[in-house]
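*Asks:* In my numbering, the protein residues as written are 77 to 366. Cβ coordinates follow ideal geometry from the N, Cα and C atoms, glycine included.
Below you can see the structure in the form of structure tokens.
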């Protein structure tokens, strides 16, 4: 990858705004990680008479220290790299969420009020609630309710809005033009509805080939971002490593599912109990590509 300028522009844009699943093994057990009810989203306390509430500005999440992040090498073929984790030894993880079926306003409130950085990889059909719905999202109260207005709410809450195709196909089964239509199509929609252009792409199911990377580059994508662990209902983490532990630089994958705000609260509390911080993905990617 050429330089950190890929992410510099978008980080500045986030500041100006004031802001599926793959194979995994090793599911968290019950005990401390059991799906118990989490408290509601926090709210900024009301100022007393004569005081004004002050909300921090700038991108949410911890940012890398000088020299902390290892370099992500630029692929020899000149195409976007495929990244699964961030090269750091600091106890920091990154939160990402896919699709857009279950549009729970409580989730927006959590990331806004608690200033939690999240990268949302949205799919047009999920956001618009069209076509065959994701079976894991059935029965949800907010399925497709807010559509692109909900995505704008996520953006305003500090989330970055990224690319996850138009229809969530198995991309390697398509030719180059088909893949390009899927990737470029949703990038154009995201720009039209949010004013921001995605620079990260997550292939559905994690499936990709060289044509995927070629198409992604043609659509202005700088990197394909995969994951190291998935988050299941109840805030449980399904690991892809046998020791069932978070590791520095892990990228966690969630989905827009019923009870998202509650499960997200459980997950964030669990991450903090284990001594980890939640990182600003853009800032770390910028540091890794300088």
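Rounded to a whole number of angstroms, what is the C-alpha to C-alpha distance between residue 220 and residue 335?
*Replies:* Residue mapping note: residue 220 aligns to position 144 of the chain shown, counting from 1. Residue mapping note: residue 335 aligns to position 259 of the chain shown, counting from 1. Answer to the nearest angstrom: the Cα atoms are 15 Å apart.
*Asks:* For residue 352, name the three-state secondary structure that DSSP assigns.
*Replies:* Your numbering for residue 352 matches position 276 in the chain shown. DSSP places residue 352 in coil when its eight states are reduced to three.
*Asks:* For a minimum of 3 consecutive residues, which ranges assigned as the beta strand (DSSP E) are wholly contained in the region 231-260?
*Replies:* 236-239
*Asks:* Would you say the region 191-200 touches the region 235-246, given that touching needs at least three Cβ pairs under 8 Å?
*Replies:* yes
*Asks:* If I measure Cβ to Cβ from residue 180 and keep anything under 7 Å in the same chain, skipping five residues before and after, which residues do I get?
*Replies:* As a working note, residue 180 is residue 104 in the chain shown. For residue 180, where only same-chain residues beyond five positions count, the Cβ hits under 7 Å are 218, 336 and 337.
*Asks:* Report the three-state DSSP secondary structure of residue 305 (helix, strand or coil).
*Replies:* One-based indexing of the chain shown puts residue 305 at position 229. Residue 305: strand per DSSP, three-state reduction.
*Asks:* Pair every Cβ in the region 284-296 with every Cβ in the region 162-177, then say whether three or more of these pairs are closer than 8 Å.
*Replies:* Taking a cut-off of 8 Å on C-beta distances, the region 284-296 does not touch the region 162-177, as fewer than three cross pairs fall below it.
*Asks:* Helix, strand or coil for residue 277, going by three-state DSSP, please let me know.
*Replies:* Here residue 277 corresponds to residue number 201 of the chain shown, with the count starting at 1. Note: residue 277 maps to strand in three-state DSSP.
*Asks:* Determine contact between the region 248-260 and the region 314-329, defined as no fewer than three beta-carbon pairs at a distance below 8 Å.
*Replies:* no
*Asks:* If contact is defined by three or more beta carbon pairs under 8 Å, each pair taking one atom from either stretch, is the region 262-280 in contact with the region 221-229?
*Replies:* yes
*Asks:* Return yes when the Cβ of residue 200 is within less than 8 Å of the Cβ of residue 74, no when it is not.
*Replies:* Since the first residue shown for the chain is 77 and the last is 366, residue 74 is missing from the structure and cannot be characterised.
*Asks:* With DSSP run on the structure shown, which of helix, strand or coil describes residue 319?
*Replies:* What you label residue 319 is simply residue 243 of the chain shown in a count that begins at 1. If DSSP states are grouped into helix, strand and coil, residue 319 belongs with coil.
*Asks:* The beta strand (DSSP E) with residue 187 in it runs from where to where?
*Replies:* In the chain shown, counting from the first residue as 1, residue 187 sits at position 111. No beta strand (DSSP E) contains residue 187, which is instead part of the alpha helix (DSSP H) from 181-189.
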